[in-house]
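These protein sequences, in sequence, are chains A and B. Using the numbering used here, read the first sequence as starting at 1 and increasing by one per residue. Using the numbering used here, read the second sequence as starting at 1001 and increasing by one per residue. No residue lacks a Cβ here, since even glycine has one placed at the ideal position from N, Cα and C.
There are 2 protein chains.
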Amino acid sequence: MLKASICTIGDELLIGQVIDTNSASISRAVGAIGVKVTGMVSIPDDRDRIISDLKAQLAVNDIVISTGGLGPTKDDITKQALAELSGTDKYYMHEGQLAIVHEILKSRGLDVLDINRQQAMVPESCEVLLNKRGTAPIMVFRGLGKGNSTLYAMPGVPFETEAALPDVVEDIRAHYPTDNITHRNLMTYGLAESALAKKISDWEDSLPKDVHLAYLPDPLKGVRLRLSIYSGSKEVEKSIIDSKIAELSGIIGDYIYSYEDDTLEGAIGRILKEKNLTLSAAESCTGGEIAHLITTVPGSSAYFLGSVTSYAVKIKENVLGVPAETIEKHGVVSSETACAMASGVRKLTGSDYAVSTTGYAGPGGGNEKNPEGTVWVGIATPNGVFSEKFCYKNDRRRNIQRFAASALFTLLKRLKQELN
Amino acid sequence: MLKASICTIGDELLIGQVIDTNSASISRAVGAIGVKVTGMVSIPDDRDRIISDLKAQLAVNDIVISTGGLGPTKDDITKQALAELSGTDKYYMHEGQLAIVHEILKSRGLDVLDINRQQAMVPESCEVLLNKRGTAPIMVFRGLGKGNSTLYAMPGVPFETEAALPDVVEDIRAHYPTDNITHRNLMTYGLAESALAKKISDWEDSLPKDVHLAYLPDPLKGVRLRLSIYSGSKEVEKSIIDSKIAELSGIIGDYIYSYEDDTLEGAIGRILKEKNLTLSAAESCTGGEIAHLITTVPGSSAYFLGSVTSYAVKIKENVLGVPAETIEKHGVVSSETACAMASGVRKLTGSDYAVSTTGYAGPGGGNEKNPEGTVWVGIATPNGVFSEKFCYKNDRRRNIQRFAASALFTLLKRLKQELN
């Protein structure tokens, strides 16, 4: 099995001002062709360190992929370090990348400056894969390490890295024998990691030695279960995993909302689209997060009509038509208000389904009955109005995420119940 | 200067299913007391690898902070590896943490299982810092490396790691001499990294040798400039940075929206709160992202009344009161529709200010005049209605982010213009 390591370069990573998302993208991309990522390292914009760390990684890996340090500004010195590492001090202008530099700056209405042009200058020791979304090309240095290791130096901007990854993967396939690895994902929601682990403990013990199970909790998606097999034939692997997943469905079926890497909003979207139904939302404490999640799904305009974020009580009354008495009698955060909000936005927009939230995200707010961290979710459907309550104990940002995810899960459950 | 490295542990990181946010949080926290993070490493749930990598890091750093691998499920084997690394195979029950385990599970209405109880069992060789938000305690192993290095083993859940960081920082201060480091941040929006770099090139060349400048672009915040001094006296550092920042304001003042680490929505919130004004939003292509960003600011309910996400044309007409003729004549994505949406939501909610967006986030959509990636931003104020157009060329998710940030920046500019 091919071994790879990932090296992200930049002071901004080391001081924690930027979160590294490139390592995860790269790992997913190379993992799909069976390359095993053995480690990820983040190092500063330091010439000596770049050279020594990359050398160490090249000595024990077939492939090293670096990102960052290739920007036009003065704190980026990776390119010179790579030239030295590969034994050259000569550079050439890559005309293909230079054309892209011109095109990109023109489309932004900007002049091409010398520092932009320099982006297309690369060490003589490397080949180039074009960066179609940015100015710095991907540099490929071959024959390093013990003689057969390759270094791919990619730009640090995640949007550019992601776009260039298919070309890097293609290049790896063209130069190394790659094999297949089988991963299967199952999305669960509504059970904490430890409760889930207890429920499936016997099943987990029954897994063949080659099958690896991982629990991957995510506040917006629930707990993802991932089954992996690294060795054996593709067909055998598939059939083992399929039968194990069938067993698992029997144990925790109610909590599984998808049998692939998925999101709650994605699963909701597929059902609505298939059944030709529409959706709207009324958000208080989630402040737009539900609408935002729903509309990140491409094609969501086919089923999502719109939403009202009713932060002020007056908006709940005047726009959503929540009766003032309901709020007075039961409180803003209550089952009754959540239901009235859902019904209100369903009527306002003419949608088939509607979801609403009202709660206390904190800091502060809440009372004994509905303390800080409480959300009431309302669901209005052609068959009635329903509500459910959830309690969390997180900070504001995390509570908002959990509230939104709980609302989407409640909606998804209701859709399945009414439509299946 | 104290040196530290960060080691995140977990197969889920290596296969790219989870993005490591802990390293950045830890780095920011220890950086504030002058600890220099020399590297960040992510490694698999592999006993031998955990031991060898941590040993290597402890040999060249004063402090090593690990996260992850401490969950109750069967794929976590870090604790055993740490026991071995620190030369013991004996464990003790930490009663303080056990009490927290009971409390947390009770508050969630869950039974305390054996695997939960085991979370409070730790190797005899370590001291414990309590994890108040989760079940796995922070384990502190002293006297490692060359004899004076400390290993802090923290849980992997970011919410728990962040909450425990102040205690880890306090422990470092109690056991090592720590010094101060001066960072200053400047938030800019509206200039790309390379254009910004050209504009301030002479100024950058004039910086003293000890002052380090970094460009930190973020799609939601613009380009952050960070000035750092690692050595010298606190007073001298402060006065050097202050005078350099004053010079910079003279050069790019129009693009600077804050002189601290800030967000557009934070800066907007402060102005509205100070002037006792209210805000609403009407979103089409941004689908709730603007409302979401505004409401992530604690206390935003003081000025944010609410918003309408009008994904469907009918909602634009019926809820926001955009005239059907406006949409027919000028199109859904147009200056006129953006203005009518902003005016409409301002009227509907009775807010002082309103911001709107209508555009094509992609994939698909758009025309020659307003291609995919175009957004029109509308701003309605007590003094009139204004619009501005922005064009980007990203994927859907990134476009939505850029659109929302552009809308917030346009609003912020207008607020400053009308209120200063």
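Interface flag, residue i vs chain A, CB-CB below 8 Å
i: Ser1027/B; result: yes
i: Arg1173/B; result: no
i: Lys1198/B; result: yes
i: Met1040/B; result: yes
i: Tyr1091/B; result: no
i: His1094/B; result: no
i: Leu1054/B; result: no
i: Ile1240/B; result: no
i: Ala1409/B; result: Looking at the sequence itself, residue 1409/B is Phe, so the reference to Ala does not match. Chain A contact via Cβ: absent.
i: Thr1358/B; result: no
Within chain B, the residues that residue i reaches when beta carbons sit closer than 9 Å
i: Met341/A; result: What Met341/A touches in chain B: nothing, since even the nearest Cβ is about 12 Å away.
i: Ala214/A; result: Gly1010, Asp1011, Glu1012, Ile1015, Gln1017, Asp1045, Thr1073, Asp1075
Beta carbon of residue i nearer than 8 Å to that of residue j
i: Glu1265/B; j: Thr1286/B; result: no
i: Asn383/A; j: Tyr392/A; result: no
i: Gly1068/B; j: Thr1078/B; result: yes
i: Ser1301/B; j: Glu1283/B; result: no
i: Ile33/A; j: Ile172/A; result: yes
i: Ser125/A; j: Asn61/A; result: no
i: Arg1117/B; j: Val1128/B; result: no
i: Leu1196/B; j: Leu1213/B; result: no
i: Lys199/A; j: Ile251/A; result: yes
i: Thr410/A; j: Ile379/A; result: yes
i: Ile290/A; j: Leu408/A; result: yes
i: Leu1220/B; j: Ala1405/B; result: yes
CB contact check: residue i to chain B, cutoff 8 Å
i: Gly366/A; result: no
i: Asn394/A; result: yes
i: Arg47/A; result: no
i: Pro298/A; result: yes
i: Ala120/A; result: no
i: Glu12/A; result: yes
i: Ala24/A; result: yes
i: Leu130/A; result: no
i: Thr295/A; result: yes
i: Leu248/A; result: no
Chain-ordered neighbours of residue i on chain A, where CB pairs are closer than 8 Å
i: Gly1031/B; result: Ile15, Gly16
i: Ala1267/B; result: What Ala1267/B touches in chain A: nothing, since even the nearest Cβ is about 18 Å away.
i: Leu1186/B; result: In chain order: nothing, as chain A lies at least about 13 Å away.
Closer than 7 Å: residue i CB and nearest the ligand GDP heavy atom
i: Arg1184/B; result: This structure lacks the ligand GDP, and indeed carries no ligand of any kind.
Cα-Cα separation between residue i and residue j, rounded to whole angstroms
i: Glu1002/B; j: Gly1031/B; result: Checking the sequence shown, residue 1002/B turns out to be Leu, not Glu. Whole-angstrom Cα-Cα distance: 10 Å.
i: Phe6/A; j: Glu260/A; result: Note on residue identity: the sequence assigns Ile, not Phe, to residue 6/A. Taking the straight line from one Cα to the other gives about 26 Å.
i: Ser52/A; j: Asp46/A; result: 10 Å
i: Leu144/A; j: Ala56/A; result: 11 Å
i: Val1330/B; j: Thr1357/B; result: Strictly speaking, residue 1330/B in this sequence is His, with Val absent from that position. Near 15 Å, if we compare the C-alpha coordinates of Thr1357/B and His1330/B.
i: Asn394/A; j: Lys106/A; result: 46 Å
i: Val1064/B; j: Tyr189/A; result: 34 Å
i: Ala1024/B; j: Ser343/A; result: 43 Å
i: Gly1039/B; j: Ala1059/B; result: 13 Å
8 Å Cβ cut-off: residues of chain B touching residue i
i: Lys116/A; result: The question names Lys, but residue 116/A is Asn in the sequence shown. Per Cβ cutoff of 8 Å: Ser1194.
i: Pro363/A; result: Pro1298
i: Arg398/A; result: Phe1159
Partner residues on chain A for residue i, Cβ-Cβ distance less than 7 Å
i: Ser1310/B; result: Gly306
i: Arg1226/B; result: Gln17
i: Val1211/B; result: Going along chain A, no residue has its Cβ under 7 Å from Val1211/B, so there is no contact; the nearest lies around 12 Å.
i: Ala1107/B; result: The residue asked about is misnamed: residue 1107/B is Ser in this sequence, not Ala. Lys393, listed in chain order.
i: Ile1315/B; result: Leu305, Gly306, Thr349
Contact set between residue i and chain B, taken where Cβ atoms lie within less than 7 Å
i: Ala291/A; result: Gly1287, Gly1288, Thr1309
i: Ser301/A; result: Tyr1311
i: Leu348/A; result: Val1319
i: Thr21/A; result: Ile1019
Interface partners of residue i on chain A, CB under 9 Å
i: Ile1043/B; result: Thr38, Gly39, Met40
i: Thr1178/B; result: Simply none; closest approach about 16 Å.
i: Leu1110/B; result: Ala192, Ser194, Ala195
For this session: Starting from the N-terminal side, write out each stretch of the beta strand (DSSP E) that is 3 residues or longer and does not extend beyond the stretch 1049-1131 of chain B.
Result: Complete beta strand (DSSP E) runs here, min 3: 1063-1067, 1091-1093, 1121-1123, 1127-1129.
Exercise. Where are the alpha helix (DSSP H) runs, 4 residues long or more, that stay fully inside the stretch 133-172 of chain A, in chain order?
Worked result: Taking only runs of at least 4 residues, no alpha helix (DSSP H) segment lies wholly in the stretch 133-172 of chain A.
For this session: Entirely within the stretch 1255-1336 of chain B and at least 3 residues each: give me those beta strand (DSSP E) ranges in chain order.
Result: Whole beta strand (DSSP E) segments, 3+ residues: 1256-1258, 1279-1283, 1304-1310.
Problem set entry | Any alpha helix (DSSP H) of 4 or more consecutive residues that is wholly inside the stretch 1197-1236 of chain B | Correct list: 1201-1205.
Problem set entry | Inside the stretch 349-382 of chain A only - beta strand (DSSP E) runs reaching at least 3 residues | Look at the stretch 349-382 of chain A and you find these whole runs of beta strand (DSSP E), each 3 residues long or longer: 353-359, 374-381.
Exercise. Fully enclosed by the stretch 387-414 of chain A, which alpha helix (DSSP H) runs are 4 residues long or longer?
Worked result: None, since the stretch 387-414 of chain A contains no complete alpha helix (DSSP H) of that length.
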